[in-house]
Amino acid sequence: MAEEAKWYVVHTYSGYENKVATNLETIVENRKLQDWIHEVRVPTETVVEMKDNQKKETERKLFPGYVLVKMVMTDDSWFVVRNTRGCTGFVGPNGKPVPLTEEEIARLGVEKREVVINYAVGDMVRIIDGPLENFTGKVEEIDLEKSKVRVTVSMFGRETPVELEPDQAELMD
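The numbering used here applies: residue 970 is where the sequence shown begins, and numbers increase by one.
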C-alpha cells in the first residue's frame, strides 16, 4: 500500500454517532474495504452520576456529532464514508478532509501507544520533556492504566511531587 492510514473526523447528525459508526463498519465488512478503512470510533468517557442518591456509571460521548475514522484517503474511501447514512461530511476547510496530527491523536487518547518504561519505583530519573526538563527526581509511583508517573523533584529546597507521562523521564546512568 502506497499511502498510510490516518485518522479523520467525520461530522454526523447529533445523536447518530453510533448509528453512523455501525453503518460504516457494516459497509466496510460487506464491500471488503478493510484495506482502506481500518477503524471507526465514537470517543466516549465513563462518567459517574448521582441519581436518586445512587451512583450510576454512564458512557458519555466526548464529541457529540463526530465520529473518528482511521482510513487511507482515496476517492473511493472518501465516497463511501461521505455517503454513509447519517454522515454530513468530513471536518476540514470546504469539507476537504484534514487528518489529525500525531499530537491531536495522543491528546484525544485515540490510539494507545505502547511505552516501554526502563525504570521502576525508587529509581532516580531525569526529566527529558516538558517545563521541568533536565530536573532529576525519584520515581514514587507508576500508573500504567492512566499512563502517569509520579516523580518527586527537589525544587527551591522542597521535595515536590510531579506527574509525568512515562516517556517524559529516563533512567539516570
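Every residue, glycine too, gets a C-beta built ideally from N, C-alpha and C.
| Check | Outcome |
| --- | --- |
| Residue 1118, enclosing beta strand (DSSP E) - first and last residue | 1117-1124 |
| Contained alpha helix (DSSP H) runs [length at least 4] in the region 1032-1083, N- to C-terminal order | 1044-1051, 1071-1077 |
| Where residue 1016 falls, given that 16 or more other Cβ within 10 Å makes a residue buried | exposed |
| Sub-8 Å separation of residue 1133 and residue 1096 beta-carbons | yes |
| Residue 1090 and residue 1110 closer than 8 Å at C-beta | yes |
| Given residue 1018 as reference, the closest of 1088, 1011, 1010, 1029 once Cα atoms are compared | 1029 |
| Three-pair Cβ contact test at 8 Å for the region 1046-1056 versus the region 977-989 | yes |
| Residues sharing a beta bridge with residue 1086, DSSP | In the DSSP output, where bridge partners are listed per residue, residue 1086 has none listed. |
| Start-end ranges of the alpha helix (DSSP H) lying completely within the region 982-1020, minimum 4 residues | 986-1000 |
| At least three beta-carbon pairs within less than 8 Å, the region 1036-1049 to the region 985-1005 | yes |
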